[in-house]
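Undergrad:
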Amino acid sequence: MEYKLVPSICSYCGCGCGVLFEVMDGQLVGTMPLKSHPVSQGKLCIKGWNLHEHVISEERLQTPLLKTNGALQEASWDASIQTTAERFKKIIAEHGPDSVAVLASAKVTNEENYLIQKFTRAVLGTNNVDHCARL
Amino acid sequence: MKDTVKKWLEEKQVDMFLGYKMVHGHALPYCFQADRLDEVDDLVVSRERYSLEKMATHIAAVYPEMKIGMLARDCNQRALKVLDIWDQLKKDSVTTFNVNCCPSPLKNHGDCSYLEPSPVGPVKVELGIDNNMSVEHAEHLDQKERFAHWMYEFSKCIKCYGCRNICPVCFCKDCSLEHPELIRSGGALPTEVPLFHLVRAAHMAGRCIDCGLCEDACPMDIPLRLLYRKVGSSVSDLFGYRPGIDEGKSPFNLIGDAPTTEPRPI
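Here the protein sequences come in this chain order: L and U.
Take the first sequence: its letter number 62 is residue 448 in my numbering, and every next letter is one higher.
Take the second sequence: its letter number 205 is residue 207 in my numbering, and every next letter is one higher.
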């Protein structure tokens, strides 16, 4: 029997509430608020309370999906990144850099979001970058 | 405390001990076990209260034979009593190390219910309910005004279900708060006021141990503890039963020989 509580940060929005994951025998079984966290002070919204359900959900996507012949199909990371790069290059060559946009995510780290905007502005050459947690 | 817990683990009096340990400056609940006995030196009594008995219930649900030791304040003790009565966590499987209630400058031994209340802001005093109000005081407010003030509080609810999720004595598999005929499912907001809160209050009758964790966890600062205290006082007046303090089953899970309809003064 192994039972531990792992402190973490909720990845849903920009607030960064403190959460405690309940882990039994290596399996995530619950989420509760981190009482002493300076941001959330032991409170969570419904999304934070249910973080573990998303991790263990059977419907969770584990690989990228590529639209092939009109339908989404599972693909490898290499193939997905390659296809995205090719499409980006083609669209930018035909219609200019402002014809593409990038949507960043609250579920990645601050540093990764920095990289996304840097990539969009410096590599793709457009200011069309936004973020889902611009609350 | 540390020596006793070590002794318990060594002598197999308990298979595991739920206490607290400092991790990155936060006192976190921690499961101490015999194969990592040195760690017991890090055992602390934290200022933060977690429902260790709820964690014990989760463990006992998977490992029913597990002998669980835990650090217990007064509120943990009351919760354990209720969980035993409702067959969620049998008292024989739990050994408690009793500690003082939340450290407070006011008392050497203070029940957490008596801890220094934090003052509420002027808007809440004007429109809502002061969380520190006594049940008696709340009952003597003008009825119309009282209703408006409670509705103000309830309508703030963001339906996070935190009050239910954190509650040490909430364990039902089918929760009325998720019943589609009572409460709209999904993220429908605002939630059904005052139904949502009154359903929960009714279910707290004969069960609520007044630990205050619900109000602690409420992001909208709804005075839940006061509401459940009122429910508790009704049960205490009508049936003379105080959950977690009095022995025996709650009046709501007793099937008596002869049901009585004899009215009693409220």
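All C-beta atoms, glycine included, are put in the ideal place defined by N, C-alpha and C.
Work out the CA separation of K433(L) and Y230(U) for me, nearest whole Å.
TA: So the two alpha carbons sit approximately 25 angstroms from each other.
Undergrad: Exposed or buried, W10(U), counting other C-beta atoms within 10 Å across all chains shown (16 or more means buried)?
TA: Buried is the call here.
Undergrad: Pull up the distance between the alpha-carbon of S115(U) and that of C216(U), whole angstroms please.
TA: Low local confidence applies: a pLDDT of 48 at S115(U) is under 50, so the model's placement there is unreliable, with the coordinate-based value given in what follows. Answer to the nearest angstrom: the Cα atoms are 13 angstroms apart.
Undergrad: Ignoring anything shorter than 3 residues, give me the beta strand (DSSP E) runs that lie fully in the region 26-65 of chain U, in order along the chain.
TA: For the region 26-65 of chain U, whole beta strand (DSSP E) runs of length 3 or above, ordered along the chain, are 28-35.
Undergrad: Pull up the distance between the alpha-carbon of L240(U) and that of A204(U), whole angstroms please.
TA: Cα to Cα, the separation comes out at about 14 angstroms.
Undergrad: Say whether chain U places a C-beta atom closer than 8 angstroms to the C-beta of S397(L).
TA: Chain U, which has no Cβ nearer than 8 angstroms to the Cβ of S397(L), makes this no.
Undergrad: Counting only Cβ pairs nearer than 7 angstroms, list the residues of chain A close to I185(U).
TA: In summary, chain A is missing from the structure at hand, where the protein chains are L and U.
Undergrad: Can a CB atom of chain L be found closer than 8 angstroms to the CB of P253(U)?
TA: Not closer than 8 angstroms to any Cβ of chain L, the Cβ of P253(U) fails to qualify, so no.
Undergrad: Does the beta-carbon of H423(L) have 16 or more other beta-carbons within 10 angstroms, so that it is buried, or is it exposed?
TA: With 16 or more Cβ atoms within 10 Å of its Cβ, H423(L) is classed as buried.
Undergrad: Please name the residue, chosen from G208(U), M222(U), C220(U) and D212(U), that lies closest to E249(U) on a Cα-to-Cα basis.
TA: Among G208(U), M222(U), C220(U) and D212(U), the Cα nearest to that of E249(U) belongs to G208(U).
Undergrad: So, at 8 angstroms on beta carbons, what are the nonlocal neighbours of S462(L) in its own chain, with the 5 sequence-adjacent residues on each side left out?
TA: Hits under 8 angstroms: T449 and P450.
Undergrad: Using the three-state DSSP reduction, which class does S485(L) fall into: helix, strand or coil?
TA: Correct three-state label for S485(L): helix.
Undergrad: With a threshold of 8 angstroms between beta carbons, is C220(U) in contact with chain L?
TA: So, interface residue.
Undergrad: Would you tell me roughly how many angstroms separate the C-alpha atoms of L91(U) and S252(U), rounded to the nearest one?
TA: The straight-line gap from Cα to Cα measures roughly 16 angstroms.
Undergrad: Can you list, in chain order, the residues of the region 429-446 of chain L whose Cβ is nearer than 7 angstroms to any Cβ on chain U?
TA: Answer in chain order: K429, L430, C431, I432 and W435.
Undergrad: Cβ of N167(U) less than 8 angstroms from any chain L Cβ?
TA: Yes, contact with chain L.
Undergrad: Got a sec: is the Cβ-Cβ distance from S115(U) to anything in chain L below 8 angstroms?
TA: Below a pLDDT of 50, predicted positions are generally treated as unreliable, and S115(U), at 48, falls in that range; the measurement from the model is reported next regardless. Not an interface residue.
Undergrad: Determine the burial state of K504(L): buried for a count of at least 16 other Cβ atoms within 10 Å of its Cβ, exposed for fewer.
TA: Label assigned to K504(L): exposed.
Undergrad: Going straight from the alpha carbon of V425(L) to that of V405(L), what length do you get?
TA: Going from the Cα of V425(L) to the Cα of V405(L) covers about 11 angstroms.
Undergrad: Does any residue of chain L bring its CB to less than 8 angstroms from the CB of C162(U)?
TA: For C162(U), the answer is yes, since a Cβ of chain L falls inside 8 angstroms of its Cβ.
Undergrad: When the Cβ atoms of the region 492-512 of chain L are set against those of the region 27-35 of chain U, are three or more pairs found closer than 8 angstroms?
TA: Not touching, per the Cβ criterion.
Undergrad: Looking at the C-beta of V550(L), does it have a partner C-beta in chain U at a distance below 8 angstroms?
TA: The structure shown does not extend to residue 550(L), since chain L is modelled only from 387 through 521, so no value can be given for it.
Undergrad: Return yes when the Cβ of V415(L) is within less than 8 angstroms of the Cβ of H440(L), no when it is not.
TA: Result no, Cβ atoms of H440(L) and V415(L) do not sit closer than 8 angstroms.
Undergrad: Are there 16 or more other CB atoms within 10 angstroms of the CB of I442(L), so buried, or fewer, so exposed?
TA: By the 10 Å Cβ count, I442(L) comes out exposed.
Undergrad: Could you check what DSSP says for K14(U) in three-state terms: helix, strand or coil?
TA: Three-state result, K14(U): coil.
Undergrad: From the DSSP output, which residues share a beta bridge with Q454(L)?
TA: Checking the sequence shown, residue 454(L) turns out to be Thr, not Gln. Its beta-bridge partners are A457(L).
Undergrad: Look up T97(U) in the DSSP assignment and say whether it is helix, strand or coil.
TA: In this structure, T97(U) counts as strand in the three-state DSSP scheme.
Undergrad: Kindly give me the distance between the Cβ atoms of T97(U) and V16(U), rounded to whole angstroms, as I take these residues to be in contact under 8 angstroms.
TA: Indeed, because the Cβ distance is near 5 angstroms, the residues count as touching under 8 angstroms.
Undergrad: I'd like to know if the region 175-184 of chain U and the region 133-152 of chain U are in contact, where contact means that at least 3 CB-CB pairs between them fall below 8 angstroms.
TA: Verdict: no, contact absent.
Undergrad: Between the Cα of V201(U) and the Cα atoms of D223(U), R166(U), P225(U) and A219(U), which residue gives the shortest distance?
TA: Checked all of D223(U), R166(U), P225(U) and A219(U); the closest Cα to V201(U) is R166(U).
Undergrad: Comparing C-alpha positions only, which one of E13(U), K4(U) and L82(U) sits nearest to K93(U)?
TA: Comparing Cα positions, the closest option is L82(U).
Undergrad: Where does G250(U) fall in DSSP's three states?
TA: Of the three classes helix, strand and coil, the one that applies to G250(U) here is coil, per DSSP.
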